[in-house]
Amino acid sequence: MAINPPLLALAIGAFGIGVTEFTPMGMLPLIAGDLKTSIPAAGLVVSAYALGVQVGAPVMTLAAARVPRRRLLVGLMAIFTLGNLLAAVADSYAMLVVARLVTALNHGAFFGIGSVVAAGIVPPEHRAAAVASMFSGLTVATIGGVPLAAWIGEVLGWRAAFWGIAGVGVVAMLALRLALPELKVEARDDMRAELRVLGRGPVLAALALTVVGASAMFTVFTYIVPILRTETGATTPFITAMLMLFGVGLTIGNWLGGKLADRSVDGTIIGSLVGLVVVLALFAWGMRLEGGAALLILLWGVASFALVPPLQMRVMEKAGGAPNLASAMNIGAFNLGNAIGAAVGGGVIDAGLGYTTVPLAGAALAALGLAFLLWLRRDGRVRATAAASCG
């Protein structure tokens, strides 16, 4: 499906957010060394960003309920730019954490509102593909933006990387202002209805599934640099290549997930989770060989992001006619999974279980998500049968 200008503008914003979200993971040793803290402690910068998304998603969505969509999305990217400027001038661990919290405030609302906008400007049969088009900016960030930022961090220092990301924010603001039509808030966008929908069991279950699915990915990805250095014996060029290869996998997975989700949302989620369980279990062994690590990192990326479009569509479908807040909260759920995954991976390392155990912990979380979805589907069939019998 061709990417039209509004989708391209949304993808540019997603690119910037993807770079700022994932860049610290590739620079943890640099940040830890410069700020004189441990790698697991530096990993909490990742958790701080994820928790900031949890706060920002509902607060920003509710606060801007009546703001025209174009103006809102441009304003969210302004917050993004400010947060990265603060990170660029941060001279202490505490200031960096604050900067990451500020940056995170835009994240959930941008992807949540952006997903609704993207799905609303294409025919119904292409809604998942449109959402995937917006998220393609996120995957492209992992191919080019994150490795480039990691390289800049190695050469010029990690603060220089954040200066560059702030520049991306300015470009995204201009693109959104020029390409998006004047999207007014419809009268039916009642935030009280949004809040009521958010309390529904199926919506909460869909959000919980996103949390578990995302945690499986971030348990490993948060610590991928020290894993490759310690277990694979990788050099900096190889690590950079692996980050780019992971981004290629994410891009393939995002495209594949969007295509397949337009046919079967749950089927795509099930297949992706099964793939994550298998690939992460194999990675615990294959990480010691460069060739094996490269192949598994590619497949891991495919399985990880094939999950994203169907998980987003599942929440939007369960929310029915009030999708804005639920969609934004799903991005928050993704980042809560980010925080949980970072904490689980750090806990495994701190417990002395070794880096090889980290992928096994990620595989266990993916298996938990698979079991949860299968239970939800079975419970839904039982309820439908009971309702039909009563009828």
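For the sequence shown, this note's numbering begins at 1 and goes up steadily by one. For each residue, glycine too, the CB sits at the ideal point set by N, CA and C.
Looking at the backbone, the Cα of L73 and that of A160 are separated by about 26 angstroms. Burial state of G112 is buried, judged by a 10 Å Cβ sphere holding 16 or more other Cβ atoms.
Distance between T357 and M242, taken at the CA atoms: about 20 angstroms.
Under the three-state reduction of DSSP output, P359 falls in the helix class. By the Cβ test, the region 335 to 346 is in contact with the region 41 to 48, since at least three Cβ pairs between them sit closer than 8 angstroms. By the C-beta density criterion, W285 is exposed, having fewer than 16 other C-beta atoms within 10 angstroms.
For V97, the uninterrupted alpha helix (DSSP H) run begins and ends at 93 to 104, by DSSP. G337 has its alpha-carbon roughly 7 angstroms from the corresponding atom of G213. For the region 103 to 149, the continuous alpha helix (DSSP H) assignments of 4+ residues that do not extend past its boundaries occur at 107 to 120, 127 to 140, in sequence order.
Boundaries of the alpha helix (DSSP H) around N324: 323 to 350. The residues A333, F372, in chain order, have a CB closer than 8 angstroms to that of A208 in the same chain once the five nearest residues on each side in sequence are set aside. DSSP places D34 inside the alpha helix (DSSP H), whose first and last residues are 28 to 34. Residues T357, V358, A361 of the same chain have their beta carbon placed closer than 7 angstroms to that of V348, with the five preceding and five following residues left out of the count. Per the coordinates, the alpha-carbon of M316 lies some 25 angstroms from the alpha-carbon of G249.
For the 8 angstroms CB-CB criterion, A119 and D262 do not form a contact. Between F162 and A78, the gap from beta carbon to beta carbon reaches 8 angstroms or more. G52 sits close to A104, with the two beta carbons spaced by under 8 angstroms. In this structure, DSSP gives V46 a helical state, which the three-state scheme calls helix. For S215, the enclosing alpha helix (DSSP H) stretches over residues 201 to 221. The residue from L180, V102, G56 with its alpha-carbon nearest to that of I121 is L180. Here the alpha carbons of V302 and L325 stand approximately 28 angstroms from one another. Rounded to whole angstroms, the gap between the alpha carbons of A281 and A99 is 35 angstroms.
When the alpha-carbon of P29 is set against those of R229, L62, V59, V170, the nearest one is in R229. Per the coordinates, the alpha-carbon of V59 lies some 13 angstroms from the alpha-carbon of E194.
The DSSP-derived three-state label of L76 is helix. In this structure, DSSP gives N4 a state outside helix and strand, which the three-state scheme calls coil.
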